[in-house]
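Undergrad: Using this note's numbering, the letters of the sequence shown correspond one by one to residues 10 to 378. Each residue gets a CB set at the ideal place from its N, CA and C atoms; glycine is no exception. Sharing a structure with you now.
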Amino acid sequence: MAAAQLTVNLGALQRNWSGLNTLTGPSTEVAAVVKADAYGLGAPKVVAALLDAGATTFFVAAAEEGIEVRRAAPSSTIYVFSGFMQTDAALYAENELIPLLNSPAQLQGWQTDMGSKTYGMQLDTGMNRLGFEPDEFASVHAQAAKSSLLISHLACADEPEHALNQQQLACFHTMTDAVAREAGIPRSLAATGGTLLGSDFHFDMVRPGIGLYGGLPYSAAEPVVTLSLPVIQTREVQAGESVGYGAAWRAVAPTRVATLAAGYADGVIRQLGNRQLDNRQPVNANRENSGLLSNSVQLYVNDTACPMIGRVSMDMITVDITSLEKDPLSMELLNKQQSVDLLATNADTIGYEILTAVGSRYQREYVFS
Ligand SMILES: *Cc1c(COP(=O)(O)O)cnc(C)c1O
10 MAAAQLTVNL GALQRNWSGL NTLTGPSTEV AAVVKADAYG LGAPKVVAAL
60 LDAGATTFFV AAAEEGIEVR RAAPSSTIYV FSGFMQTDAA LYAENELIPL
110 LNSPAQLQGW QTDMGSKTYG MQLDTGMNRL GFEPDEFASV HAQAAKSSLL
160 ISHLACADEP EHALNQQQLA CFHTMTDAVA REAGIPRSLA ATGGTLLGSD
210 FHFDMVRPGI GLYGGLPYSA AEPVVTLSLP VIQTREVQAG ESVGYGAAWR
260 AVAPTRVATL AAGYADGVIR QLGNRQLDNR QPVNANRENS GLLSNSVQLY
310 VNDTACPMIG RVSMDMITVD ITSLEKDPLS MELLNKQQSV DLLATNADTI
360 GYEILTAVGS RYQREYVFS
C-alpha cells in the first residue's frame, strides 16, 4: 500500500510571498510567519524557499520553534510572538531570537537576564490577547524608544467592514506615532488580512502567514498543498446497506465504496464526515442518505469528484466511487479543485485549522512547480 502523500509546492509559496510583496509599497517589508512548523508544512523547507523569494524576517510563536528557523536562515531576523519566559533565556541567546515583549514584567525579565540584547514589543490595540495595554506602554516610553519593532495584531482583519479594524488602527497610531517619529522605530500591524485592507495598515512591515500557504483571506493565493490518500479496499454495497459507524450513510442504490487510509487521527477532522446527520444528535438509522444528500466533501481522481460518505473513523474514510470506471489506487482530498478553505467550510472551521491539522501528520514531498 502506498503511503499518504502531502505535496507542498514551494514555487506556489514563493509566488504567494511575491504577490503580497507587490501589494505593498517599497517601504514596507514583507516578513513571513512560520509558527507551528510553518502552518504544518515544515519550517526548514518553507523558510529556505521564502529566503530565496526575498524574505528576511521571520516570526514564530514560541522560542523552541526558533531553533529550526535559525538553522534554515542563519543570518535572518527571527521574532517570537509569545515574548519572554525566563526558562527560555538560553534558547534566545543561542539562536539569536528576538522576543516581542508583551508586558512590563516580560520587559523587566528580559533586561535582567539578557542585558541590552535586542527586543521588540507587542501592543494590545483591542484584541485583548497579547501585548502592552496603552497605559503600560506609556509607562515604558524610554524602553520603547530602544526597541527594534513595535507590533500589534488585528482581531477582525478578514472582515474588511468590521469597525474594530479602524479602531485598532487608530489606537496603534495613538500608542506609537510619537515613538516612531522621535526614535524611528519600525512598526507592523498587518497579518494576511490586514495586508489586504490597504496601505493604511501596512506601516513598515507586514506579517502574512496563511496567505503564503494558499489560504483565505488572500483569495488570489495559489494553492500550495496537495494531499493524496491511498485506497486500502473497495467493495460493492447493496441498496439498503449502510457504511461506517452509526450506519450514518445508507445506500439507496448499488454503490461501489472505497476505504481510504486517513482519519481524524491524521487531521482529517471528524466534522468533515456525513454532514447531513447532525453528529450531536442520536443517529436515526432509518434515515436514508442518498448520493444527493451526502456531504459535499469530495475525493478526486484527476478531475472526477467522488463524495465522501459516512462518518470519519480514526484512521479511515469511505468514498462513493460508483462513478469511476476503475478502482483508483489513491484519491486527492486537497488539490486545486478542493482548497483548504473549501474543505474548512464543510467542517465549519477555517483553513488554518485544516492546514495545521493535516500538514504535520503526513510524509511530505516538496516540489517547485
Ligand atoms: C499568526 C499571526 C500572524 C499571521 O497571521 P495570518 O492570518 O496567518 O496571516 C501575524 N501576527 C500575529 C501576531 C500572529 O499571531
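Distance, Cα to Cα, Trp26 vs Thr358?
TA: Taking the first residue of the sequence shown as 1, we reach residue 26 at position 17. Taking the first residue of the sequence shown as 1, we reach residue 358 at position 349. Taking the straight line from one Cα to the other gives about 24 Å.
Undergrad: Taking DSSP as the reference, what is the three-state secondary structure of Ser27?
TA: Looking up residue 27 in the sequence shown gives position 18. Here Ser27 sits in helix by DSSP.
Undergrad: Just checking, does the region 163-171 make contact with the region 187-207 on the three C-beta pairs under 8 Å criterion?
TA: Because the criterion of three Cβ pairs below 8 Å is met, the region 163-171 and the region 187-207 touch.
Undergrad: Thinking Tyr88 and Leu158 are a contact (beta carbons under 8 Å), I'd like their distance in whole angstroms, please.
TA: To locate residue 88, count along the sequence shown from 1; it is residue 79. To locate residue 158, count along the sequence shown from 1; it is residue 149. With 8 Å as the limit, Tyr88 and Leu158 qualify as a contact, their Cβ atoms being about 7 Å apart.
Undergrad: Suppose you measure from the CA of Gly300 to the CA of Phe377; what does that come to, to the nearest Å?
TA: Reading the sequence shown from its first residue, position 291 is the one you call residue 300. Reading the sequence shown from its first residue, position 368 is the one you call residue 377. With a pLDDT of only 35 at Gly300, under 50, the local geometry of the prediction cannot be trusted, and the value read off the model is given with reservation. Taking the straight line from one Cα to the other gives about 37 Å.
Undergrad: Taking a contact to mean a Cβ-Cβ separation below 7 Å, would you say Glu374 touches Thr16 in this structure?
TA: Counted from its first residue, the sequence shown places residue 374 at position 365. Counted from its first residue, the sequence shown places residue 16 at position 7. Cβ distance < 7 Å, so Glu374 and Thr16 count as in contact.
Undergrad: Write down the C-beta distance between Val43 and Gly223 rounded to the nearest angstrom, noting that I regard them as a contact closer than 8 Å.
TA: By 1-based counting over the sequence shown, the position of residue 43 is 34. By 1-based counting over the sequence shown, the position of residue 223 is 214. With 8 Å as the limit, Val43 and Gly223 do not qualify as a contact, their Cβ atoms being about 15 Å apart.
Undergrad: Under a Cβ-count criterion, where at least 16 other Cβ atoms within 10 Å of its own Cβ denotes burial, should Leu352 be classed as buried or exposed?
TA: The residue you call residue 352 lines up with position 343 of the sequence shown. Buried.
Undergrad: With a CB to CB cut of under 8 Å and the five nearest residues on each side skipped, what residues in its chain are close to Pro239?
TA: Translated into the one-based positions of the sequence shown, residue 239 becomes position 230. Excluding positions up to five away in sequence, the list reads Met10, Ala11, Ala12, Ala13, Leu269, Ala270, Leu338, Ser339.
Undergrad: By Cβ distance, which residues of its chain are closer than 7 Å to Arg265, with the 5 residues on each side in sequence left out?
TA: For this step, residue 265 is matched to residue 256 along the sequence shown. The residues are Thr243, Glu245, Ile330, Thr331.
Undergrad: Does Phe141 come out as helix, strand or coil in the three-state DSSP assignment?
TA: What you label residue 141 is simply residue 132 of the sequence shown in a count that begins at 1. In the structure shown, Phe141 sits in a strand (DSSP, three-state: E or B).
Undergrad: Below 7 Å CB to CB, which residues in the same chain sit around Val55 once its five sequence neighbours on both sides are set aside?
TA: In the sequence shown, the residue the question calls residue 55 occupies position 46. Result list for Val55: Leu22, Val43, Ala47, in chain order.
Undergrad: Using the three-state DSSP reduction, which class does Ser84 fall into: helix, strand or coil?
TA: The residue labelled residue 84 in the question sits at position 75 within the sequence shown. Ser84: coil per DSSP, three-state reduction.
Undergrad: Quick one: does the C-beta of Pro108 sit closer than 6 Å to a heavy atom of ligand 1?
TA: As a first step, residue 108 is located in the sequence shown; it is residue number 99 there, counting from the start. False, no ligand heavy atom lies under 6 Å from that Cβ.
Undergrad: Would Gly360 pass as a contact of Val252 if the rule is Cβ separation under 7 Å?
TA: By one-based count along the sequence shown, residue 360 stands at place 351. By one-based count along the sequence shown, residue 252 stands at place 243. Cβ atoms of Gly360 and Val252: not closer than 7 Å.
Undergrad: Tell whether a beta-carbon distance below 7 Å holds between Pro195 and Asp209.
TA: The residue given as residue 195 occupies position 186 in the sequence shown. The residue given as residue 209 occupies position 200 in the sequence shown. Result no, Cβ atoms of Pro195 and Asp209 do not sit closer than 7 Å.
Undergrad: Report yes or no: do three or more beta-carbon pairs, one from the region 120-127 and one from the region 93-107, lie closer than 8 Å?
TA: Cβ pair count under 8 Å is three or more, so yes.
Undergrad: Answer yes or no: the CB of Pro239 versus the heavy atoms of ligand 1, is any distance below 6 Å?
TA: Here residue 239 corresponds to residue number 230 of the sequence shown, with the count starting at 1. For ligand 1, not one heavy atom lies less than 6 Å from the Cβ of Pro239.
Undergrad: Less than 7 Å separating the beta-carbons of Ala81 and Pro113?
TA: Counting from one through the sequence shown, the residue named residue 81 turns up at place 72. Counting from one through the sequence shown, the residue named residue 113 turns up at place 104. No, the pair does not count as a contact, with Cβ atoms beyond the cut-off.
Undergrad: From Pro217 to Val39, what does the alpha carbon distance come to, in whole angstroms?
TA: Taking the sequence shown and counting its residues from 1, the one referred to as residue 217 is at position 208. Taking the sequence shown and counting its residues from 1, the one referred to as residue 39 is at position 30. Taking the straight line from one Cα to the other gives about 8 Å.
Undergrad: Give the single residue among Glu341, Gly255, Met317 whose Cα lies nearest to the Cα of Asn311.
TA: Translated into positions along the sequence shown, residue 311 becomes position 302. Of Glu341, Gly255, Met317, the residue nearest in Cα terms is Glu341.
Undergrad: Could you spell out where the beta strand (DSSP E) holding Ala267 opens and where it closes?
TA: Counting from one through the sequence shown, the residue named residue 267 turns up at place 258. Segment 264-269, the beta strand (DSSP E) holding Ala267.
Undergrad: For Gln115, count neighbouring Cβ atoms within 10 angstroms of its own Cβ and tell me buried if that reaches 16, exposed if not.
TA: If you number the sequence shown from 1, residue 115 lands on position 106. Per the 10 Å Cβ criterion, buried.
Undergrad: From Ala199, Ser156, Ser148, Phe181, pick the residue whose C-alpha is nearest to that of Pro169; which is it?
TA: Locating residue 169 in the sequence shown gives position 160, counting from the first residue. Nearest option by C-alpha distance: Ala199.
Undergrad: Around the Cβ of Ser148, are there at least 16 other Cβ atoms within 10 angstroms (buried) or fewer (exposed)?
TA: Looking up residue 148 in the sequence shown gives position 139. Ser148 is exposed by the Cβ-count criterion.
Undergrad: Can you grab the Cα-Cα spacing for the pair Gly140 / Phe146, in whole Å?
TA: Looking up residue 140 in the sequence shown gives position 131. Looking up residue 146 in the sequence shown gives position 137. In a straight line, the C-alpha of Gly140 is about 9 Å away from that of Phe146.
Undergrad: Can you tell me which of Gly51, Tyr254, Leu110, Leu236 puts its alpha carbon nearest to the alpha carbon of Ile76?
TA: What you label residue 76 is simply residue 67 of the sequence shown in a count that begins at 1. Nearest C-alpha to Ile76: Gly51.
Undergrad: List the residues that DSSP assigns as beta-bridge partners of Ser369.
TA: Translated into the one-based positions of the sequence shown, residue 369 becomes position 360. In the DSSP output, where bridge partners are listed per residue, Ser369 has none listed.
Undergrad: Assign Ala384 to one of two classes, buried (16 or more other C-beta atoms within 10 Å of its C-beta) or exposed (fewer than that).
TA: With the chain represented from 10 up to 378, any question about residue 384 goes unanswered, as that position is not in the structure.
Undergrad: Below 8 Å on the Cβ atoms is my contact criterion, and I expect Arg279 with Val328 to pass it. Report the Cβ-Cβ distance as a whole number of Å.
TA: Taking the sequence shown and counting its residues from 1, one reaches residue 279 at position 270. Taking the sequence shown and counting its residues from 1, one reaches residue 328 at position 319. The pair is not a contact, with the Cβ atoms about 16 Å apart (cut-off 8 Å).
Undergrad: Apart from the five residues just before and just after Ala192, which ones in its own chain have a Cβ nearer than 7 Å to its Cβ?
TA: Numbered from 1 along the sequence shown, position 183 holds the residue referred to as residue 192. So the list reads Ala154, once near-sequence residues are dropped.
Undergrad: Which residues does DSSP pair with Ser237 in a beta bridge?
TA: Along the sequence shown, one-based indexing puts residue 237 at 228. In the DSSP output, where bridge partners are listed per residue, Ser237 has Gln14, Glu341.
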